[in-house]
Every structure is written in C-alpha cells, then in structure tokens.
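For reference, the structure is listed below as structure tokens.
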Amino acid sequence: MPDNEFLGVLALTWQAAVMLGLGGLLIYLGIAKQVEPVLLVPIGAGVILANIPLGGLTEPGGLLAVLRAAGIETELFPLLIFIGVGAMIDFGSLLERPYTVFLGAAAQFGIFGTFFLAYFLGDGGLRLFDFSFKDAVSIGIIGSADGPTSIYVATVLGSKYAASIVVAAYSYMALVPIIQPPIMRALTTDAERRLTMPARARGVSRRTRVLFPVVTIVVVGLIAPKATPLIGTLMFGNLLRESGVLERLSQAAQNEMTNIVTILLGLTVGGMMSAADFLRPETIMIYVMGVVAFAAGTAAGLVFGKVMYVASGKRINPLIGAAGISAFPMCARVVQKVGLEANPHNHLIMHAAGANTAGQIASVVAGGAALALVPFFA
Amino acid sequence: MAEQIVEAPAPGKILKVFAEVGKPIAEGDRICMLEALKMELPIVAPVSGTVRALPIAPGQSVEAGDPLAVIEG
Numbered sequence: 001m002p003d004n005e006f007l008g009v010l011a012l013t014w015q016a017a018v019m020l021g022l023g024g025l026l027i028y029l030g031i032a033k034q035v036e037p038v039l040l041v042p043i044g045a046g047v048i049l050a051n052i053p054l055g056g057l058t059e060p061g062g063l064l065a066v067l068r069a070a071g072i073e074t075e076l077f078p079l080l081i082f083i084g085v086g087a088m089i090d091f092g093s094l095l096e097r098p099y100t101v102f103l104g105a106a107a108q109f110g111i112f113g114t115f116f117l118a119y120f121l122g123d124g125g126l127r128l129f130d131f132s133f134k135d136a137v138s139i140g141i142i143g144s145a146d147g148p149t150s151i152y153v154a155t156v157l158g159s160k161y162a163a164s165i166v167v168a169a170y171s172y173m174a175l176v177p178i179i180q181p182p183i184m185r186a187l188t189t190d191a192e193r194r195l196t197m198p199a200r201a202r203g204v205s206r207r208t209r210v211l212f213p214v215v216t217i218v219v220v221g222l223i224a225p226k227a228t229p230l231i232g233t234l235m236f237g238n239l240l241r242e243s244g245v246l247e248r249l250s251q252a253a254q255n256e257m258t259n260i261v262t263i264l265l266g267l268t269v270g271g272m273m274s275a276a277d278f279l280r281p282e283t284i285m286i287y288v289m290g291v292v293a294f295a296a297g298t299a300a301g302l303v304f305g306k307v308m309y310v311a312s313g314k315r316i317n318p319l320i321g322a323a324g325i326s327a328f329p330m331c332a333r334v335v336q337k338v339g340l341e342a343n344p345h346n347h348l349i350m351h352a353a354g355a356n357t358a359g360q361i362a363s364v365v366a367g368g369a370a371l372a373l374v375p376f377f378a
Numbered sequence: 379m380a381e382q383i384v385e386a387p388a389p390g391k392i393l394k395v396f397a398e399v400g401k402p403i404a405e406g407d408r409i410c411m412l413e414a415l416k417m418e419l420p421i422v423a424p425v426s427g428t429v430r431a432l433p434i435a436p437g438q439s440v441e442a443g444d445p446l447a448v449i450e451g
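Here it is in structure tokens:
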C-alpha cells in the first residue's frame, strides 16, 4: 500500500478534528438557525475541506490554494462583490436626506476605538496577544460592519488573522438585532425615541442619481486615493443601477456575478482557516473585540445623533445615528423597531436607511483611509 | 370635525388592509400593513374617528407621503 493513502483517519490531529467540528457548526448555524446562510454555509464547507488531512486542497495547486491566490491575494473577489453591492444599493434615501452622511461618518469611530484597544493589547502596549500594528488595523475595520471592506483591508495588509476577522465581521452583522437595541435604549431618552420625522422627502432627480456615483468616485478618489478600488467598484455598480439603460448588466451584477463570487469567496475564506492559525487565544480576542467594535460604532453614531437632535431643534431622532454602521439593511430595521416600540406612530425606516447607506460609503472611505495611513506608522 | 390624512411613512407595498370605509376606528387601531425594505410596518390610526377614505388595496405600491386613509375625528 502506498504511503499517505487511506490514512486520513490516522493523520487526523485533534486540532484538525476541532476545525472539522467548527466547519460543521458554521453549516449548522447557517441552515438550522438561518444565520447568514449565504456566507456561513460556504465558509463552513471551506473550513472542512481545508482541514481534511492529506486532502491537499490547500497545498500548492490545490483548489483552495488556487482560489486564494487568484481571488483573495489579488483582492479580486471583494472588489467584484462591491460591484454587486453597488448595484443593489438605492442611495435615494441618502440623497433625499444629505445630513445623514454625518451619521454614517460618526459611526466609523468604532473602527478607531477598536484599533487602539487591539494595538494596546498587542505590540503597542501590553503584548498580551500577538497583534501587530497591521493586525490591529484589520481588527478595527470589523467596526465598519462591512464584510467586503474587512476582507479587503485585512488581505491588503496581509494580516494573519484575515479569515477570523472576516468570519467575525459577518457573524456580528447577523447579530446586529441583538447587539444594538440595549445600547440604543441606554443612550437615548424615551422622549428622544418617540420623536417622529416627516415621511415625505423632496424627490431626487434622475440626473442627481446618475451623477452621484461618478462624482463620488472622483471626489473620494482624489481625497483618499487608496480607497479608489473599493469606492470605484461600489459606485460603478451603482452607476449600472441608476443609468436606466443597463438593466441587464445591473441585474447580472446583483444576481449572477454576486452569487458566483459569494460561493468562491465563502469557500476560500473558510479554506484560509487552518487549525494552526485559528486555534489560538488571539482568535477569541478578535471575537471579543468585534463586539466592542460594533458597540462603539453604534454608540458613536447615537451620540452624534443626539448632537444633531439638539442642533436641528429636536427635529432629528437620534436613534437613526445607530444605523450609521453599514450592516444594511439590518441596522435600519433595528432603528425602525426600537422607534416603533417607543411610539406606535413612529416609522424611522427611511431616515435610518439614509444613515445606513451613508455608513456603507463611510466604511469604504474609512477602509481606504486606514490603508493610506498605515505606511506612515507601521 | 377635523379630518386627518394618514400618510405612508416609506415607499413600499400594501400587504393587508384592516380598516373599512365608513366604519369607526379607535386611536391605535391598525389601518394597514405596509412592507418596506422587507420589513412589515403596522400603520395605526393617529386619532379615533370614522374612516372616510381608504385609497389602498392589498398588493398596491405606494410612495412615501401617499395618503393611506382619511379619518374624521
């Protein structure tokens, strides 16, 4: 009998067995609990495939290794996803309410708070965990609540925790309805939560909708050039949507392309989770800090919402600040739910959707800004 | 008698209509269920009174600010 054949069982280490269990758990959560099944099932399958001993999928030339080299290390997959995301987003609710852009920006402070914490626990202070400067930046980006941006930043910076960071980012997006409401209730008064906002907004012309993605690419690109791949693909996708003459391409970007890339991306990200990289204390810490990141972003958005509440003469409900982190449309739904609890006539969903889409742009800009700033410090 | 127009808070689709024209309605009673961003929004009466007009039907699309009901209170 040749060596290394039929010996998978004998070659199974306990670490690999734990990873197989983890892959099974992700698949279970996706299917039985309906937690982001589109992501967790391919990721779980990738984890299992990568940790089968002697399977060879992560060896040079293996399927997962080829996909990783082609799609992750080149940053191709997250950027293709961004074209699809851009085609899915209706920026109308943002364009009708331009002030929500500030709420989207404010909620990105979670990124910086989490970065400082991670860096302090790692190389920048206590050295309790093996977090380099670049790892800390990548962990901070979890606070943007933006999966593709997290993948992009973590892989561009070459963080060894990229896979854990991506799984943490996507898991917490699914947990937004659990993480956010207690913070929202703690930081706002009942009177603030009850405040209704007018339903009717001034319309946005087609010309504005078409110009918006093009102008955003140029303006953001000139201010934060490193964000150009992210904002460029996002806004190109949006241009397909808003052009009005490219319905076929817009649909293809939203459906076929996004679906195919999601399959490949999920499998590849799962395939990056080898036992050696995953089974270490840093992974648990990344998950802990993911909660901190989401909570800090939510709180920053709410605090800025309260500033706008006062500045607007009590016409802006501070709750919509919580939608500034970019998990769309989960955050907008949570805001709607908490507002409705306080007042059965209070429908904040479109205002929250404005802040939410602003958050998507802001998280991309923040990711680009982080990439631009890292070389000055690292 | 004051008339109050209930407006759609968001663009979306009417899923169900609970109120009936000519019937009395109490503050807090459901007028209809509106779906926006894949979320169900219960639209309730802001005042007690009589439903004078109800220009909506299940399946109909509405824009933000469109009238959903007129209540005479």
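Protein chains in written order, with our numbering: chain A, 1 to 378; chain B, 379 to 451. Ideal Cβ positions, reconstructed from N, Cα and C, are used throughout, including at glycine.
Discussion item. Check for me: the beta strand (DSSP E) holding Met-273(A) runs from which residue to which?
Written reply: Neither: Met-273(A) is in no beta strand (DSSP E) and is coded neither H nor E.
Worksheet item: What residues of chain C sit near Ala-353(A), judged by a beta carbon separation below 7 Å?
Response: Here the protein chains are A and B, and chain C is not one of them.
Fill in: Own chain, CB closer than 6 Å to Pro-148(A), minus 5 neighbours either side, in chain order
Pro-78, Ile-81 and Phe-82
Item to complete: Decide if Ala-352(A) is buried, meaning its Cβ has at least 16 other Cβ atoms within 10 Å, or exposed.
Response: buried
Discussion item. Our contact map puts Ile-320(A) next to Leu-103(A) with C-beta atoms below 8 Å; I'd like the distance itself, whole angstroms only.
Written reply: 6 Å
Item to complete: Indicate whether at least one CB of chain B lies closer than 8 Å to the CB of Ala-17(A).
Response: no
Discussion item. When you compare the segment 180-192 of chain A with the segment 209-224 of chain A, are there three or more beta-carbon pairs, one atom per stretch, that lie closer than 8 Å?
Written reply: no
Item to complete: Please name the residue in Thr-268(A), Ala-253(A), Val-288(A) and Pro-181(A) whose C-alpha comes closest to that of Ala-342(A).
Response: Pro-181(A)
Worksheet item: Heavy atom of the ligand ATP less than 7 Å from the Cβ of Arg-127(A), yes or no?
Response: Here there are no bound small molecules, and the ligand ATP is not part of this structure.
Discussion item. Which residues does DSSP list as the beta-bridge partners of Ala-431(B)?
Written reply: Val-448(B)
Practice prompt. Please decide whether Glu-418(B) counts as near chain A, where near means a Cβ-Cβ distance under 8 Å.
Written response: no
Discussion item. If you reduce the DSSP assignment to three classes, tell me which class Ser-132(A) lands in.
Written reply: coil
Fill in: Exposure of Val-31(A), with buried meaning 16 or more beta-carbon neighbours within 10 Å
In the sequence under discussion, the amino acid at residue 31(A) is Ile, which differs from the Val named in the question. Result: exposed.
Fill in: Nonlocal neighbours in the same chain, by C-beta distance under 7 Å from Ile-286(A), ignoring five residues either side
Ile-139, Tyr-161, Ser-164, Ile-165 and Ala-168
Item to complete: Assign Leu-373(A) to buried or exposed, taking buried as 16 or more other Cβ atoms, counted over all protein chains shown, within 10 Å of its Cβ.
Response: exposed
Worksheet item: Which residues in the same chain as Val-204(A) place their Cβ atom closer than 7 Å to its Cβ, once the five residues preceding and following it in sequence are excluded?
Response: Gly-92, Leu-95 and Glu-96
Worksheet entry | Rounded Cβ spacing between Ala-355(A) and Val-153(A) (contact assumed at less than 8 Å) | Not confirmed; about 22 Å, so no contact.
Item to complete: Starting from the C-beta of Pro-433(B), find all residues in its chain whose C-beta is less than 7 Å away, skip the five residues before and the five after it, and write them out in chain order.
Response: Pro-445
Worksheet entry | Residue interval of the beta strand (DSSP E) (run including Gly-56(A)) | From DSSP, Gly-56(A) is part of no beta strand (DSSP E); its letter is neither H nor E.
Discussion item. Check this for me: beta carbons of Gly-390(B) and Glu-413(B), under 8 Å apart or not?
Written reply: yes
Discussion item. Quick check on Pro-387(B) - is its C-beta less than 8 Å from some C-beta in chain A?
Written reply: yes
Worksheet entry | 8 Å Cβ cut-off: residues of chain A touching Pro-424(B) | His-345
Item to complete: Could you name the residues of chain A that Gly-443(B) contacts, counting a contact when the two beta carbons are closer than 7 Å?
Response: Ala-199 and Arg-200
Fill in: Inter-residue Cα distance where the pair is Leu-54(A) and Leu-20(A)
14 Å
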